[in-house]
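Beneath this line is the structure, given in structure tokens, with notes to follow.
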């Protein structure tokens with residue numbers, strides 16, 4: 179992050195994308211059964227109290243929560259313009275979304291775009307987008 183901010187001109191806008199841990203955990207473990215929660219806990223990849231994900235440098239990507247992003251960004255002199263729950267509940271609703279007719283899907287998108295920056299829903303997403311100005 180520091181390098182992206184360093185090479186950006188003053189007043190420039192930076193977009194940073196993140197993979198949010200909670201919906202990934204909900205979908206891949208409890209919903210689809212692709213992740214064994216006991217194994218993740220046993221391997222030290224998941225905290226047993228707060229269910230925070232732990233990532234290692236060799237992992238493909240790092241799973242974070244908004245509070246992790248806020249802590250990271252607190253070290254920089256930037257102004258947040260937007261923080262967006264990019265896909266909201268779409269991962270959890272994938273089968274229902276695939277079955278929607280065009281009208282219903284348009285209504286869902288209208289709902290999503292009207293709620294994707296609500297603070298109470300920001301953690302309910304698989305991916306987030308942080309837009310800030312240097």
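Numbering (our numbering), first residue to last: 179 to 312. C-beta atoms are modelled at their ideal positions from N, C-alpha and C, and glycine is treated no differently.
Presumed contact (8 Å Cβ cut-off) between residue i and residue j, rounded CB distance
| i | j | result |
| --- | --- | --- |
| residue 292 | residue 198 | Rounded, the Cβ-Cβ distance is 20 Å, inconsistent with contact. |
Secondary structure of residue i, DSSP reduced to three states
| i | result |
| --- | --- |
| residue 310 | strand |
| residue 232 | coil |
| residue 247 | helix |
| residue 187 | coil |
| residue 161 | The structure shown does not extend to residue 161, since the chain is modelled only from 179 through 312, so no value can be given for it. |
| residue 241 | strand |
| residue 192 | strand |
| residue 224 | strand |
| residue 302 | coil |
Residue nearest to residue i in terms of C-alpha spacing, selected from the options
| i | options | result |
| --- | --- | --- |
| residue 187 | 244, 308, 225 and 255 | 255 |
| residue 205 | 294, 312 and 272 | 272 |
| residue 295 | 311, 275 and 261 | 261 |
| residue 309 | 191, 179 and 180 | 191 |
| residue 210 | 297, 270, 289 and 276 | 270 |
| residue 259 | 266, 312 and 249 | 312 |
| residue 304 | 268, 232 and 297 | 268 |
Sub-9 Å separation of residue i and residue j beta-carbons
| i | j | result |
| --- | --- | --- |
| residue 264 | residue 195 | yes |
| residue 301 | residue 225 | no |
| residue 275 | residue 286 | yes |
| residue 213 | residue 203 | yes |
| residue 179 | residue 250 | yes |
| residue 218 | residue 207 | yes |
| Is the region 228-240 in contact with the region 276-290, if contact means three or more CB pairs nearer than 8 Å? | no
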